Structure formats: C-alpha cells, structure tokens
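Chains as they are written, first to last, in our numbering: chain A, 44 to 288; chain B, 167 to 541. To keep things clear, I will list the structure first and then write my remarks on it.
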Amino acid sequence: MSDKIAVQVDDLTVAYNYKPVLWDIDLEIPEGVLMAIVGPNGAGKSTLIKSILGILKPIAGSVSIYGKSYDKQRSLVAYVPQKGSVDWDFPTTALDVVMMGTYGSLGWIKRPRQKQKKAALEALEKVGMLPFKNRQISQLSGGQQQRIFLARALVQDASIYFMDEPFQGVDATTEIAIINILKELRKAGKTVIVVHHDLQTVPEYFDWVTFLNVKKIATGPVKDIFNDDNLTKTYGINYKVSIQE
Amino acid sequence: MDIQEYFSLVFSDYTLRTITLGTAILGAVTGMLGSFAVLRKQSLLGDAISHAALPGIAISFLITGAKDSNTLLLGALVSGLIGTFWIRGIITKTHLKSDTALGLILSLFFGFGMLLLTFIQKQPNANQAGLDKYLFGQAATLVESDVWMMAIVTGICLFVLLLFWKEFKILLFDKDYAKTLGFNTKTIDILITSFIVLAIVLGLQTVGVVLMSAMLLAPAAAARQWTNSLATMVFLAALFGAFSGVFGTAISASQNNLSTGPVIVLVAAVFVFVSFIFSPSRGLLFKQIRFIKNRRDLQLHKTLAFMYNIAETHDDISHPHEIKILNNFQGFTKGTLKKLVEKDYVTLQGSTWSLTNEGFKSASNLYNQLTKNDE
C-alpha cells in the first residue's frame, strides 16, 4: 500500500426511482489495497461499483481514478461483473469471452490478433482454465464460469480491479484459487475492490474494508475497523433477515 | 407446374427468377439479423416492428396517392422506427416490462393501420385496391428494382456486420462490461435495431406484416441448435432463411399459386422443427438417447458397486451369488447382469453370478472416476 489514492468518491448519491440507493458517499481507496465492500442485501454495494464505472448515472457526486475522471482512466480499470448478469447459453467459447478483455484497448473496429490471443491464453492459464479454452461456456460449471470472468479482467492488465461477488456460488477450491490470484494482484501493487458477502473470511482475505448500508458506515484497515461495533451499525441486530437486493 | 418444371424455369423465366432471388435475399438478411434479435431476447421486437409499419404504408399512400412500393415502404420504415423508439422509451421511462411495451405498441399501431386501410378502401379512388396485400404479402408483385433494393440493403448490412462484429458480439453478451470498456453501447444498439427495422420493412411486400417476425426468428432459432459459435450461427441462419425463401417460392409457384409468404414461413418452420429434434448436441432426439444411455450406465454401475460391496466382505472376490440374492436387495434385472457378463466384469456359472478380477478392479475405481469427472 502506498500513499497514493487510487479511487476517490465524493458526495455520490444514486437513486433508481425516488428512493436513494446510495446516499452521499465519500470514499478514498488507497493504492495497493485488497478491499472488501460489505453490507446487507440492498445496501448498494453493486450500485457503488457500477456508479464508479459509469454503468449507472449518479444523481450527484463525482468519481476520480488517480485524480482524473473515469473516462480518461478507463485503461487503468478492469471489471468483473456478477456471474448471473449474462446469459451463459450465449454461443461462444471460454477463450472468446476472455478475448473480450482486449476489446477495450483495441478500440472500435480493430480485430483481436495473435498478440491479444496470446494474452488471453496466458490469462486462462493463470486461472487454471487453459484445458477448457474451446469449451462452450454453458458447459462450464459455476466456478469455472467465474474463473473465465476473472481471466477476462486479468487480460485488461489494469491497475484497479472491481469485482462484484466473485465468490458467489463457487466451491472451496475455486474460492481459494481466486483469492490467491487476488493476493498476487495486490502483491504486484494493484488495487482490488471486491463486493463480498462472507463476513467470516474478511479478516483472512482482505486488508481493507468498507462497510456500506446506503450510507457509508466506515472504511479503513481491517485490523482497525472490522469489529462488532461497525458490524452492528451496518447490519443492525437481525441482519440475517434483511430485505432482498 | 410441378417442382421440377419450376426449377427448370427458374433461370430462364424472368418473373420466377425475380421472385426467387428476392425471397432468397430476404430470407438471408432476415435470418442474419434475426440471430441478433433472438440472442438479445428481443424475439417479439420483430413482430411489433412489422405491425407498427402498417400505418406508415397507409399514410404514405394517403399523402402521395401512388402505390409505388418504394414510397410505401419508406412510410413503413418511418412508422416502424417510430414504433421501435416508443417501445424503447416505454421500457426505459416507465416501470412497464418489455413484453407489455411490445404488445401495447404492436396492437396500437396495427389497429391504427387497419383503421386507415378501411378508410382508404371507402375512398372513391380506383387506385386503392391492393394495399391489403401488405397484410400477408404477395411475392408475385416483386419486380427487379425491388430485388436490387434488397440486395443493396443486404450488402450494406453485411458490411456493417463485419465491420462492427466485435462490438455487436460484446454488446449481445455483456452490455455493462462493454460500457466499462468505453464502447458507446447506445450507438451499437441503435445500429442493430435500425438494421432489424430495415430488414423487416423490406420483407413486408413479400411476406406481409402479420408473418414477418417468423422470417426473423425461425431461421435463427433453427441455426442456434446446430452450433456454439456466433459466426456460424449467423451464417447458418442466413442460409436457412435463403433456403426457406427459395423452397417456399418453389412450392407456392408449383402448387396452384399458394400464397407465397405463408409457405415460406412454413418451410422455415420445418427447418426449426428438424433442428429441434435432430441437432446432435441440443436436439430432443439425441438428448433423449443420451438420457436413456446414462440411465443404463448408472444401472450397470449400481449393480457392479453392489456386487463389489458384497465381494469386499468375502475373502474370495469371485464368490458366486444366486441371482435371488442380488435381486432381493435392489431389484436388479437379469439384463444388467448379462451386460456385465458381456464386459467380462461378471461370470455366470450355472445359476450363480460372480465378480471377475477385472470387474472388481473396475468397481473399485468407479467412485474415483465419478469424483474425478465431477469438476
């Protein structure tokens, strides 16, 4: 971790209809942290990521990536959406999906070539999915699909990685494989921001945490702020029966 | 005229050639673009657009008073586009779901179109007859210039498709992700939708408002069954569409001039039917065969595992058992045991069955294999 701020969010407010989903969020994410965003269902965790990435339009507030707007810093950012957000019956192969990670740097019209293919194959290797490169994506297990999504982000070779519930519905082996890759990214000086659900594993996996429930409750190093006080503030007493997202 | 006569005439007879070429090109372009509509789960969009085109045809006739097909189709294009953007508007601006928006615009525009058509028919204008051909289409009215028009639009469409292939693909698969990469998804979206509208409008004269969406969906749905690659799917859909056009025209021309549009659609439906049943990986037939085979394999595994468990309690692997014992516990049939004999996993001596060494070995690996293949 360095002193540089990788992501800065100021006064961010997002509303789907009338009810705000995120209310006046201020957030500074230092470079080089592996950060979990935790909070109950409907707390706006995915919304926060989507607003930072410009997928959703906030009604107020601003976001900067290394001091400049997201539009200018796109090439520094990679995104792993929720696995359930796409149709896995789409007619394409694992390799092809990973290749999509290179489309951003290619820009309009230009086709991926040997260089992009090589990068995609390397990323598949990293997530242990090389033997499945020509598999139709619907024939992959949930964990394998998640790894494909991760590989697609790795191909982007970014500085900041946003991941929306990468551990959702994966088995223990895949979870360990994924967290090892995330830790490697951190070691390489990258910033990794993960929407996370399993509170048990927060201290083990992450070094930075943000508590979110429409408003920002707290943000900082796990060892300082991951405590009962903040958990209670975020989840309330009966957080297990929270509303559906 | 029978089918043979048709095919001998198709290259020499001007009218037949024009119609055949027209329906073939139309089938190809709608099949191609239909793949995108199907993959975007916008199958009903085509139906809404074609119905939305009807008032455009009527209005442009009312304004110009001419029945020139290009003028009428221009009107269709405009009202088709208006319908499409209203649908998009309703979906994004209100809480209504897309099926509601599609149904609403479809019936609204179609109703208005029918109203205008009946109004036109009451006019004291000798020229008004024949507008209703746009309801079900009439391929016989195609002339060379119409076919040229179709060919040009298909050419442009193909060019744009190849040029923006990568952009189309990523928009279809993962729109949000495409957005984060910096692609203007709205532009790509509008581009695809506009071409779909254009293709539909081109087909109105031939297939008609009511059946046009089948031209869009049927070839694409059929093609999806045969391949797991987007490029192959688009190509196959174009091929199926073109063949539907040609065969449909052939049948309609050879069978007492049956109405061409419906015949083309029925031929396309045959493609769908055959694909749903006979596709090797997704077809119902092979799925059922695989299902039965799996169940049979499992039965064999179960018997083998059962005998293995008994064998483990004996010192002698090949300790023989009466079929009664094997039957009593789990209801194994003689058939399963016989199949195991064929594989040399079990031997039959008199009326007792016993596990062979090979059977024992294979049974002890059974669970390992299962767990290994489980990933």
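In this text, a Cβ means the ideal position worked out from N, Cα and C, and glycines have one as well. Keep in mind the model is a prediction, meaning the values are calculated, not measured.
Only those residues of the stretch 384 to 395 of chain B whose C-beta falls short of 8 Å from the nearest C-beta of chain A are listed: R390, T393, N394 and S395. For G171/A and G269/B, the gap between their C-alpha atoms comes out near 47 Å. By the rule that beta-carbons nearer than 8 Å mark a contact, M399/B touches chain A. At a Cβ-Cβ threshold of 8 Å, I362/B and L199/B count as neighbours. In this structure, DSSP gives E247/A a helical state, which the three-state scheme calls helix. Beta-bridge partners of Y204/A (DSSP): A121/A and V235/A. Distance between I72/A and K258/A, taken at the CA atoms: about 16 Å. Rounded to the nearest whole angstrom, the CA to CA distance from H239/A to G186/A is 16 Å.
Contact fails between the stretch 149 to 162 of chain A and the stretch 227 to 239 of chain A, because fewer than three Cβ pairs, one in each stretch, are under 8 Å apart. Identification of chain B residues near G97/A by a Cβ-Cβ cut-off of 8 Å yields K345 and T346, ordered along the chain. Bridge pairing for I336/B: absent [DSSP]. Taking a cut-off of 8 Å on C-beta distances, the stretch 378 to 395 of chain B does not touch the stretch 331 to 341 of chain B, as fewer than three cross pairs fall below it. Secondary structure of V433/B (DSSP, three-state): helix. A Cβ-Cβ distance of about 17 Å is found for the pair T262/A and T275/A, leaving them out of contact under the 8 Å criterion.
Nearest C-alpha to W252/B among T196/B, A214/B and Q287/B: A214/B.
With a threshold of 8 Å between beta carbons, E333/B makes contact with chain A. Taking the Cα positions, T518/B is about 23 Å away from L464/B. Inter-residue distance for L301/B and M280/B is about 9 Å (C-alpha atoms, whole angstroms). By the criterion of a C-beta distance shorter than 7 Å, L240/B is surrounded in its chain by S226, once the five residues flanking it on both sides are discounted. Straight-line measurement puts the Cα of L138/A at about 18 Å from the Cα of I221/A. V431/B and V375/B do not touch by the CB rule: their CB atoms are close to 13 Å apart, not below 8 Å. Per the coordinates, the alpha-carbon of R461/B lies some 16 Å from the alpha-carbon of F472/B.
The three-state reading of DSSP puts T393/B in coil, since its state is none of H, G, I, E or B. At least one beta carbon of chain A lies nearer than 8 Å to the beta carbon of F339/B. K100/A and V57/A have their C-alpha atoms some 7 Å from each other. About 4 Å separates the CB atoms of A386/B and S201/B; that is less than 8 Å, so the two are in contact.
Looking at the DSSP output, G263/A sits in a beta bridge with V252/A. Linking V195/B to L370/B through their CA atoms gives a straight-line distance of about 13 Å. Unbroken alpha helix (DSSP H) stretches of 4 residues or longer found wholly inside the stretch 257 to 321 of chain B: 264 to 287 and 299 to 302, given in chain order. Between P428/B and L377/B a beta carbon distance of about 6 Å is seen, short of the 8 Å cut, so the two are scored as contacting. In the same chain as P246/A, and ignoring 5 residues on each side of it, the C-beta atoms closer than 7 Å to its own belong to V265 and F269, in chain order. Using a Cβ-Cβ cut-off of 9 Å, F330/B is close to W151 and I152 of chain A, given in chain order. Annotation note: the stretch 140 to 220 of chain A contains the following uninterrupted beta strand (DSSP E) runs of length 3 or greater, listed N- to C-terminal: 203 to 207. In the three-state DSSP reduction, Q515/B falls in the strand class (E or B). For I443/B, same chain residues with a beta-carbon under 8 Å away, outside a window of 5 residues either side, are G449, L450 and L451 in chain order. In the structure shown, L424/B adopts coil according to DSSP, grouped into three states.
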